[in-house]
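Quick notes on the structure that follows.
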Amino acid sequence: MSTEYTDDYYAKLLEDIQADSTPIDPAAVDHTPGAGAADLINATGTSSIEEFHQVAYGRPRLGEDRRPAPRLGTRVPVEMKQKVQALAKQRGLHESEVVFEALNAYLKNVA
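Each residue of the sequence shown is one higher than the one before, starting from -7 at the first, in the numbering used here.
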C-alpha cells in the first residue's frame, strides 16, 4: 500500500505533530553512527554535513564586528550575468561570492 501525499495527508500530519501524537515505529529508527547526519544530508539534498550546515544555518555574518550583512541588488546586462555564472562555475563558487569579490576589489582600488 502506498501513501498518497495530498493536502489532507499533510494537514493530518501537522495536526498530529501539533498534538504531539505522531506515532514513531522504533523499528524504523536507525541508530547506527552517522545515520542522523545522513538523514539531514539526504533531506536537504546536500552532499556533506558541512554543506548541510551552510544550507541550514545560512552564511556566516560579514565584517569585523560580525553583524548581520545588508543585501545589495542590481540589474546587469545578460552578458555580464553569463560571465559571472561562468566564473562562479569555473572557481566552484556561488555567483554572489564572485560579485562580492569583484565589488570588494573595485572598492579597494578606488578608495
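Beta carbons are placed, not taken as given, at the ideal position from N, Cα and C, and that holds for glycine.
Inspect the beta-carbon positions of Ala48 and Thr36 and report whether they are closer than 8 Å. Here residue 48 is taken as the residue at index 56 of the sequence shown, counted from 1. Here residue 36 is taken as the residue at index 44 of the sequence shown, counted from 1. Contact: yes.
Report yes if the C-beta distance between Val104 and Val76 is below 8 Å; otherwise report no. Because residue 104 is not part of the residues shown, which for the chain are -7 to 103, the question remains open.
Taking Arg63 as the reference, which of Ser88, Glu42 and Leu6 has the closest Cα? Reading the sequence shown from its first residue, position 71 is the one you call residue 63. Out of Ser88, Glu42 and Leu6, Ser88 has the C-alpha closest to the C-alpha of Arg63.
In three-state terms, what does DSSP make of Asp8? In the sequence shown, residue 8 corresponds to position 16, counting from 1. Helix.
Once you ignore the five residues that flank Ile33 on each side, which residues in its own chain have a CB closer than 6 Å to its CB? By 1-based counting over the sequence shown, the position of residue 33 is 41. Closer than 6 Å at Cβ, skipping near neighbours: Phe44.
C-alpha gap between Lys73 and Phe92, whole angstroms: In the sequence shown, residue 73 corresponds to position 81, counting from 1. In the sequence shown, residue 92 corresponds to position 100, counting from 1. Between Lys73 and Phe92, the C-alpha separation is close to 14 Å.
Alpha-carbon spacing of Glu71 relative to Glu42, whole angstroms: For the purposes of this step, residue 71 is taken as the residue at position 79 of the sequence shown. For the purposes of this step, residue 42 is taken as the residue at position 50 of the sequence shown. Whole-angstrom Cα-Cα distance: 33 Å.
Measuring CB to CB, does Ala78 end up less than 8 Å from His86? Your numbering for residue 78 matches position 86 in the sequence shown. Your numbering for residue 86 matches position 94 in the sequence shown. For Ala78 and His86, no; Cβs fall outside 8 Å.
So, at 7 Å on beta carbons, what are the nonlocal neighbours of Ala108 in its own chain, with the 5 sequence-adjacent residues on each side left out? As shown, the chain starts at -7 and ends at 103. That puts residue 108 outside it, with no answer to give.
Kindly indicate the opening and closing residues of the alpha helix (DSSP H) around Thr36. Stepping through the sequence shown from its first residue, residue 36 is reached at position 44. Residues Ala27 to Thr36.
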